[in-house]
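Trainee:
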Amino acid sequence: TTGSPLSRTLTSKLNLSGDINSINIDEDVTAVAATRRSFVTRSLATIAVASLFSTPSYAAEESSSPTFTYEDPDYNFRIQVPSSWENTEQKLSGRRKAAFFTDPTSKNAEGTVETLGFIAYTPVRDDFTGLGSFGSVDNVAQTTILPKGELAGLDDASKMLSAVSKNNAYYFDYMATPVVPTEPGTSSSSGGTVMTKTLKPLHFRTIFTLLPLKGSAGNTLVTVTLQTTEERYKDVRGVFDRVVDSYGKMK
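Quick note on numbering: our numbering labels position 186 of the sequence shown as 167, and the sequence is numbered without any gaps.
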């Protein structure tokens, strides 16, 4: 599986196939701190901001769709999520946890959910006192958010559409066409061994922020990620916009 960069600079990893059962959290939390210096020194390419267009009739339809409020009092934030999405949570060791949101109507012919959301919580070192500890929004966009399949010999195409810093968070909009390893022993129609396969182009929206845990002096990296196939994105962009825009502190 693949997802967040294989460089391990981000600790949450989504299975890009959309199989919610295969989502996992990277155990090597200290890799974030170890790579902070590279965020500052690495040469970055200019980010191209692409214009995205939505269907007006769909935007009007989505504005009336019911939502529920997902609140996390431990980190004092909330987001609005479609009521039709299924929600599960997983408690992990070391103050870590994960929350999953899946759209049951987005299953493909194989039964795999293609539209989903994921919140990952990862404690960081005490000297990470703000988002600037990870680098600028452009640094994080290129070194942490975009998939880095080439580091594992994979040639997944990815493109950052926008990277914005606001509301004490970094907001990213990006696309990727991941190339992932196949299951051992997978063969082609000609009988040869197939090492990789190309998945459908995917579209992601991510909120990247650093929040204090209630009653604790330490900070936690909290990432909210929405994912769907690029072909579905035109139909769910309004939903994704609303979820992202709803992120904020609890009243």
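Note that beta-carbon positions come from the ideal geometry of N, C-alpha and C, so glycine has one too.
Would proline 85 be called buried (16 or more neighbouring beta carbons within 10 Å of its own) or exposed?
Mentor: exposed
Trainee: For the alpha helix (DSSP H) that contains valine 225, what are its first and last residues?
Mentor: Counting along the chain, the alpha helix (DSSP H) containing valine 225 begins and ends at 211 to 227.
Trainee: Based on DSSP bridge pairs, tell me the residues matched to lysine 140.
Mentor: Met156
Trainee: Would you decide whether methionine 176 is buried or exposed? Buried here means 16 or more other CB atoms lie within 10 Å of its CB.
Mentor: exposed
Trainee: Determine the closest residue to alanine 97 out of Tyr228, Val220, Arg77 and Leu202, with distance taken between C-alpha atoms.
Mentor: Note on residue identity: the sequence assigns leucine, not alanine, to residue 97. For the residues Tyr228, Val220, Arg77 and Leu202, the minimum Cα distance to leucine 97 belongs to Val220.
Trainee: Judging by CA-CA distance, which residue of Phe81, Asp119, Val121 and Ser117 is the nearest neighbour of tyrosine 102?
Mentor: Phe81
Trainee: Taking the straight line between their C-alpha atoms, what separation do you get for serine 227 and threonine 190?
Mentor: Each residue's alpha carbon lies about 15 Å from the other.
Trainee: Under a Cβ-count criterion, where at least 16 other Cβ atoms within 10 Å of its own Cβ denotes burial, should aspartate 154 be classed as buried or exposed?
Mentor: buried
Trainee: Tell me whether proline 54 sits in a helix, a strand or coil according to DSSP, three-state version.
Mentor: Coil at proline 54, not helix or strand.
Trainee: Examine the Cβ distances between the stretch 118 to 128 and the stretch 143 to 159 and report whether three or more of them are shorter than 8 Å.
Mentor: yes
Trainee: Excluding the 5 residues flanking lysine 195 on each side, which residues of the same chain have their C-beta closer than 6 Å to its C-beta?
Mentor: Asp55
Trainee: Kindly indicate if chain D contains any beta-carbon less than 8 Å away from that of proline 85.
Mentor: No chain D appears in this structure, which consists of one protein chain only.
Trainee: Got a sec, what are the start and stop residues for the alpha helix (DSSP H) asparagine 120 sits in?
Mentor: 118 to 121
Trainee: Is the Cβ-Cβ distance between threonine 117 and aspartate 108 less than 8 Å?
Mentor: It should be noted that the sequence gives serine, not threonine, for residue 117. No; because the gap between Cβ atoms is not below 8 Å, this pair is not in contact.
Trainee: Compare the Cα-Cα distances from leucine 112 to each of Thr93, Glu164 and Ser146 and report the closest residue.
Mentor: Comparing Cα-Cα distances from leucine 112 to each of Thr93, Glu164 and Ser146, the minimum goes to Ser146.
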